[in-house]
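Undergrad: Counting the sequence shown from 1 gives a position; the numbering used here is that position plus 196.
Yeah, the Cβ is synthetic: ideal placement off N, Cα and C, and Gly gets one too.
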Amino acid sequence: MPPRTIMSTAAATAAVLALGVTLLAAAPQSGAAAAEPAPVTDYCQGQCDDILPPGQNGNATLVEILGNKAFGTHPAHSDDQIDRYDGLVAGHTALTDQKLTDFFNDASFGVPKDRVESVVSPRADVTITRDKATGVPHIKGTTRYGTEFGAGYAAGQDRLWLMDLFRHIGRGQLTSFAGGALANQGLEQQFWPQAPYTEADLEAQVAYIRTHEGPRGEQAMADAQAYVDGINAYRDKSKNGRYFPGEYVLTGKIDAITNVGEIEPFKLTDLISIASVVGGQFGGGGGGEVQAALSLLSAQQKYGVAEGTKVWESFRQRNDPEAVLTVHDGTAFPYAGKPDKARGTALPDAGSVTVEPLVFDRTGSAGTDRKAPVKAPANLRKAQGIYDDGVIPEGSLPGSGSGAQKRGMSNALLVSGKHTASGNPIAVFGPQTGYFAPQLMMLQELQGPGISARGVSFAGVGMYVQMGRGQDYAWSATSAGQDITDTYAIELCEPDGSAPTKDSTHYRYRGTCTAMETLERTNSWKPTVADSTAEGSYRMQVRRTHYGVVTHRATVGGKPVAYTSLRSTYRHEADSIIGFQMFNDPDLVKDAASFQRAASNIDYAFNWFYADSRTAAYYNSGMNPVRAAGVDPALPVKAERAYEWKDFDPAANTAAYTSFAEHPNSSGQDYYVSWNNKQAEGYSAAGFGLGAVHRGDLLDDRVAKLVAEGGVTRASLTRAMAEAGITDLRGEQLLPELLKVIRSRPVTDPELNGVVQQLESWRAAGSQRRENGSGSHGYAHADAIRVMDAWWPRLVEAEFRPGLGDDLYRELTAALATDESPAASHGASGAHSGSAFQYGWWGFVDKDLRKVLGQPVKGPLARTYCGGGDLGGCRDALLASLKEAAAQPATQVYPGDDTCKAGDQWCADAIVHRALGGISQKTIHWQNRPTYQQVVEFPAHR
């Protein structure tokens, strides 16, 4: 069992007694109305705001979908938050506290009587009240079961189709459910191998929570069952009433005329499946050790083992002394560092690595995008082909798409009370999860026995508010990405004792030749009105071992091995429910310290932020395994007992984990920022890219300035976030150095000098990607931005490729892409996703140019690359690449896609809410900003 937070004896006794009372009321037969609970006091007093575009309502009937396609109409509350969210781009410069509600919604508890839009009671012990302004459900239960049943019922009202999609994605059955579009094939092929489970595996995870997490585990599963019951109640009611989501008709699940067909009932194991998708994409960390090994081998081949390792380590930047930190007071939290003398490292032989095959037995359109449209009834033709590009277009879900990094996004800005105008801490924070219609998350307020919170939860796992506010505190998270995934090299064998090959399906486990377990999914599809992809099928297959799922085959020292990926949260996809349950419990979270203890029960890798009227605080969660001494977590390791995680038990994938105090944590620091940057000194980066320049600097520089000036307000902190959200990281942080190199001598080419002057003017104006007039759909300094977008990949190549050589440059760029501009389609969540500048060679360029300029550099690269270290040579390389970039027309820089015409710069950046259902939304201005966001300042406390 993973070690959980240890409370004091008195606190533990009180918690068990309180939970015992709620468990008595948890059964479905407790539906009789109980006494009205005492009113909840809202200590935020009107100073809590939030926003989640495009709108609360994520369900649309067939008639509503057809109306959207034919006339552009939208169901109520499906698009009423877009303009408010979009308006901050133009409105942030003049923002005041009084104007915040022009761009955010009042996040107070409850709904005043004159603002009630509807009230429904799916059971006698719960009411769901929706407000006129946003349609957010305010769920109030007199019993625990009723409260959670109401949460599930409201989730069905707002996200039934989306939840159905995601349970099938998690189970690796998307094509069979929604159609065989090539993007659907790619999505299930990317997600299922990360968390492949049998139904028995999913059931075992439910049982594990019940049996290993004490009274809270029992309560969590009772809550989850009530939530599922609520979903199913709405599923039945909407089906019988014929107001279910229209996508079920368009995908052939239900006949529009006869109503014949079924929406499959939801069950507890579906929640585990959904949790595996959400947690794996936003709360994972580590992995990628095989690619790291390939880049290390390439460096060693070029420079020799010693020098090559030194060069590689300088690019790997495990603990860069110049990296922006969340805990910046000098406190160190050593974890996953480079050992002085590594043991058990298993580097592959050169040229021996092959990727483990996944897809077999393709038939028909499998592996292709071949279409065979059905003859649609006349009344459905407006919606024909809405899923021809997939229910989730390739690359639009974080972690999906060719070349995409796996991690999620999100940001947070918090200032302690000593630096605010009011003397109370202020927080502006939220998860950055891409843009979809409907959103992956949904807003809700939950009030019932042991639950009091408002905020967002991922659809399908919304038993509790996952990020939001309580009675006198608020909290949020960013993806942390610390290393909780390792790669093992398992020695292959044959049961008859013959010589193994790379294709062998047995491996040595603690001295015994053991069979790999084979897990399979066979999917098939036929064309429907929604997806015209021709009939086809295939079989996905993964091999599972005690050390995780096989990802590659290779030889090590001439012996065949399989590389496996072992994630600490595998087989524990929903254990984090305990932490979320605690966040919602007003009797448990009473201050920063109790919140941090609650956060320690979240197993996924997240940075958690907290604010009440007295304290701003931070805690990094995650099941950080205790590794054997001398193991290098950045590279593959031999699958031998000496190198396993401490106390490793493969049966339930448990081990020893680092203690509460070893996780980065802080309370009362002057300010906190996080944009998926490095957490603290000594907390080693799990991958490439946490160096001297990071998008976190866009926040840190601005918040540090506000704190130095003092008197921070909600509006001024929101302005800092919004300004950073439209700023080009390259322009702000790197263009000054690039210009200094270029201007080290006069630029004699008049045309090229004009280009340089354009870049200088853009930098002087703030390096923003912002319209030259509200609604103009054209940027100020558009030509400078075009030049930068064309120049950056060229200048990186011109700076580094000559010195690194083709092979090493290729391997390093495979480990870390050089660029992630807003217009790029290869970023963490694809094109039109808002999030930008998370992954790139910004830090490498910065250190290298400062070295060329003779400036001090802490933690420099092992060699100087630009111009071979010569200022003149570096200048020549930069100017040559700049001239080439300046000549590239906008139509080539922004080649166009299904949303934008070639050459449309504004549109190439713009945010598109990717339609997961039949309702599409308008395109809005680019912002590098959380999808759901809170602005909070509590003036009082219990």
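Given that a residue counts as buried once 16 or more other Cβ atoms are within 10 Å of its Cβ, and exposed if not, what is residue 959?
TA: Reading the sequence shown from its first residue, position 763 is the one you call residue 959. It counts as buried.
Undergrad: Whole angstroms is fine: what's the gap from residue 360's alpha carbon to residue 657's?
TA: Numbered from 1 along the sequence shown, position 164 holds the residue referred to as residue 360. Numbered from 1 along the sequence shown, position 461 holds the residue referred to as residue 657. Each residue's alpha carbon lies about 12 Å from the other.
Undergrad: Using a threshold of 7 Å, state whether the C-beta atoms of residue 730 and residue 568 are closer than that.
TA: Within the sequence shown, residue 730 is the residue found at index 534, counting from 1. Within the sequence shown, residue 568 is the residue found at index 372, counting from 1. It is a contact, given that the beta carbons lie within the stated cut-off.
Undergrad: For residue 661, count the other beta carbons within 10 Å of its own beta carbon; 16 or more makes it buried, fewer makes it exposed. Which is it?
TA: Looking up residue 661 in the sequence shown gives position 465. Classification of residue 661: buried, given that the 10 Å Cβ count is 16 or more.
Undergrad: Is there a C-beta anywhere in chain B that falls below 7 Å from the one on residue 1127?
TA: Here chain B cannot be found, since the structure has a single protein chain.
Undergrad: Which residue's Cα is closest to the Cα of residue 269: 1116, 1128 and 355?
TA: Along the sequence shown, read from residue 1 onward, the residue named residue 269 stands at position 73. The shortest Cα separation from residue 269 among 1116, 1128 and 355 belongs to 1116.
Undergrad: Say whether the region 865 to 879 touches the region 488 to 497, bearing in mind that this needs 3 or more beta-carbon pairs closer than 8 Å, one atom from each stretch.
TA: No, they do not touch.
Undergrad: Can you tell me the Cα-Cα spacing of residue 558 and residue 483, whole angstroms?
TA: As a position in the sequence shown, residue 558 is number 362, starting the count at 1. As a position in the sequence shown, residue 483 is number 287, starting the count at 1. Computed Cα separation, rounded: 29 Å.
Undergrad: What number of angstroms, rounded off, separates the C-alpha of residue 982 from the C-alpha of residue 1081?
TA: Counting from one through the sequence shown, the residue named residue 982 turns up at place 786. Counting from one through the sequence shown, the residue named residue 1081 turns up at place 885. Whole-angstrom Cα-Cα distance: 9 Å.
Undergrad: State buried or exposed for residue 1124, treating a residue as buried only when at least 16 other CB atoms are found within 10 Å of its CB.
TA: As a working note, residue 1124 is residue 928 in the sequence shown. Buried, since its Cβ has 16 or more Cβ neighbours within 10 Å.
Undergrad: As a quick exercise: from 541, 1094 and 320, pick the residue whose alpha carbon is nearest that of residue 832.
TA: Residue mapping note: residue 832 aligns to position 636 of the sequence shown, counting from 1. Among 541, 1094 and 320, the Cα nearest to that of residue 832 is on 541.
Undergrad: Return the chain-ordered list of same chain residues with a C-beta closer than 6 Å to the C-beta of residue 378, the five sequence neighbours on each side being excluded.
TA: For this step, residue 378 is matched to residue 182 along the sequence shown. Counting only Cβ-Cβ distances below 6 Å, and skipping sequence neighbours, we find 565.
Undergrad: Report yes if the C-beta distance between residue 156 and residue 469 is below 7 Å; otherwise report no.
TA: Nothing can be reported for residue 156, as the shown portion of the chain is limited to 197 through 1138.
Undergrad: Considering only residues of the same chain and omitting the five flanking positions on each side of residue 285, which have a CB-CB separation below 7 Å?
TA: For the purposes of this step, residue 285 is taken as the residue at position 89 of the sequence shown. So the list reads 922, 966, 1121 and 1123, once near-sequence residues are dropped.
Undergrad: Since residue 912 and residue 803 should fall inside the 8 Å C-beta cutoff, what is the C-beta to C-beta distance between them, to a whole number of angstroms?
TA: Here residue 912 refers to the residue found at position 716 when the sequence shown is read from its first residue. Here residue 803 refers to the residue found at position 607 when the sequence shown is read from its first residue. Going by Cβ atoms, the distance from residue 912 to residue 803 rounds to 23 Å, so no, they are not a contact pair.
Undergrad: Distance check for residue 1098 and residue 1057, CA to CA, integer angstroms please.
TA: Taking the first residue of the sequence shown as 1, we reach residue 1057 at position 861. Taking the first residue of the sequence shown as 1, we reach residue 1098 at position 902. When rounded, the distance between both Cα atoms is 38 Å.
Undergrad: With a 10 Å radius around its C-beta and 16 neighbouring C-beta atoms as the bar for buried, classify residue 1134 as buried or exposed.
TA: Along the sequence shown, one-based indexing puts residue 1134 at 938. Looking at its Cβ environment, which holds 16 or more other Cβ atoms inside 10 Å, residue 1134 is buried.
Undergrad: On the premise that residue 248 lies in contact with residue 1128, defined as a C-beta separation below 8 Å, what is that separation, rounded to the nearest angstrom?
TA: Taking the first residue of the sequence shown as position 1, residue 1128 is located at position 932. Taking the first residue of the sequence shown as position 1, residue 248 is located at position 52. At roughly 4 Å, the Cβ-Cβ gap stays under 8 Å, so residue 1128 and residue 248 are in contact.
Undergrad: By the 10 Å Cβ neighbour count, where 16 or more other Cβ atoms means buried, how is residue 942 classified, buried or exposed?
TA: Taking the first residue of the sequence shown as 1, we reach residue 942 at position 746. Flag for residue 942 reads exposed.
Undergrad: Would you call residue 272 buried or exposed, if buried means 16 or more other Cβ atoms sit within 10 Å of its Cβ?
TA: By 1-based counting over the sequence shown, the position of residue 272 is 76. When all chains shown are included, residue 272 counts as exposed.
Undergrad: State the Cα-Cα distance for the pair residue 973 and residue 281, rounded to the nearest angstrom.
TA: Here residue 973 is taken as the residue at index 777 of the sequence shown, counted from 1. Here residue 281 is taken as the residue at index 85 of the sequence shown, counted from 1. Their backbone Cα atoms lie some 17 Å apart in a straight line.
Undergrad: For the beta strand (DSSP E) holding residue 559, just list the boundary residues, first then last.
TA: Residue numbering aside, residue 559 sits at position 363 when the sequence shown is read from its first letter. Run containing residue 559: 555 to 560, per the beta strand (DSSP E) assignment.
Undergrad: If I measure Cβ to Cβ from residue 263 and keep anything under 7 Å in the same chain, skipping five residues before and after, which residues do I get?
TA: Numbered from 1 along the sequence shown, position 67 holds the residue referred to as residue 263. Excluding sequence neighbours, residue 263 sits near 269.
Undergrad: Taking the alpha helix (DSSP H) that residue 1102 falls in, what are its first and last residues?
TA: By 1-based counting over the sequence shown, the position of residue 1102 is 906. Taken as a continuous stretch (DSSP letters only), the alpha helix (DSSP H) holding residue 1102 covers 1101 to 1105.
Undergrad: Using the rule of at least 16 other Cβ atoms within 10 Å of the residue's Cβ for burial, across every protein chain shown, is residue 333 buried or exposed?
TA: Your numbering for residue 333 matches position 137 in the sequence shown. It counts as buried.
Undergrad: So for residue 341, helix, strand or coil by DSSP?
TA: As a working mapping, residue 341 is identified with position 145 in the sequence shown. In the structure shown, residue 341 sits in a helix (DSSP, three-state: H, G or I).
Undergrad: Give me, in chain order, the residues of the same chain whose beta-carbon lies closer than 7 Å to that of residue 978; leave out the 5 immediate sequence neighbours on both sides.
TA: Mapped onto the sequence shown, residue 978 falls at position 782. Closer than 7 Å at Cβ, skipping near neighbours: 1101.
Undergrad: Whole angstroms are fine: how far does the CA of residue 953 sit from the CA of residue 370?
TA: Along the sequence shown, read from residue 1 onward, the residue named residue 370 stands at position 174. Along the sequence shown, read from residue 1 onward, the residue named residue 953 stands at position 757. Their Cα atoms are separated by approximately 52 Å.
Undergrad: Taking only three categories from DSSP, how would you classify residue 987?
TA: Working through the sequence shown from its first residue, we reach residue 987 at position 791. Three-state DSSP puts residue 987 in a helix.
Undergrad: Given a threshold of 16 other Cβ atoms within 10 Å of its Cβ, counted over all protein chains shown, does residue 776 qualify as buried or as exposed?
TA: Numbered from its first residue, the sequence shown carries residue 776 at position 580. Buried.
Undergrad: Output the distance between the C-alpha atoms of residue 1090 and residue 1104, rounded to the nearest integer angstrom.
TA: Translated into the one-based positions of the sequence shown, residue 1090 becomes position 894. Translated into the one-based positions of the sequence shown, residue 1104 becomes position 908. If you take the alpha carbons of residue 1090 and residue 1104, they lie about 6 Å apart.
Undergrad: What residues match up with residue 708 in a beta bridge as DSSP calls it?
TA: In the sequence shown, residue 708 corresponds to position 512, counting from 1. Answer is 705.
Undergrad: Does the Cβ of residue 254 have 16 or more other Cβ atoms within 10 Å, making it buried, or fewer, making it exposed?
TA: One-based indexing of the sequence shown puts residue 254 at position 58. It is buried - the Cβ of residue 254 has at least 16 other Cβ atoms within 10 Å.
Undergrad: Of all the options 696, 279, 356 and 237, which has the alpha carbon lying nearest to the alpha carbon of residue 305?
TA: Position 109 of the sequence shown, counted from the first residue, corresponds to residue 305. Cα-wise, what sits closest to residue 305 is 237.
Undergrad: Would you call residue 1036 buried or exposed, if buried means 16 or more other Cβ atoms sit within 10 Å of its Cβ?
TA: By one-based count along the sequence shown, residue 1036 stands at place 840. Burial call: buried.
Undergrad: Return the chain-ordered list of same chain residues with a C-beta closer than 6 Å to the C-beta of residue 781, the five sequence neighbours on each side being excluded.
TA: On the sequence shown, position 585 is the one that residue 781 refers to. So the qualifying residues of the chain are 646.
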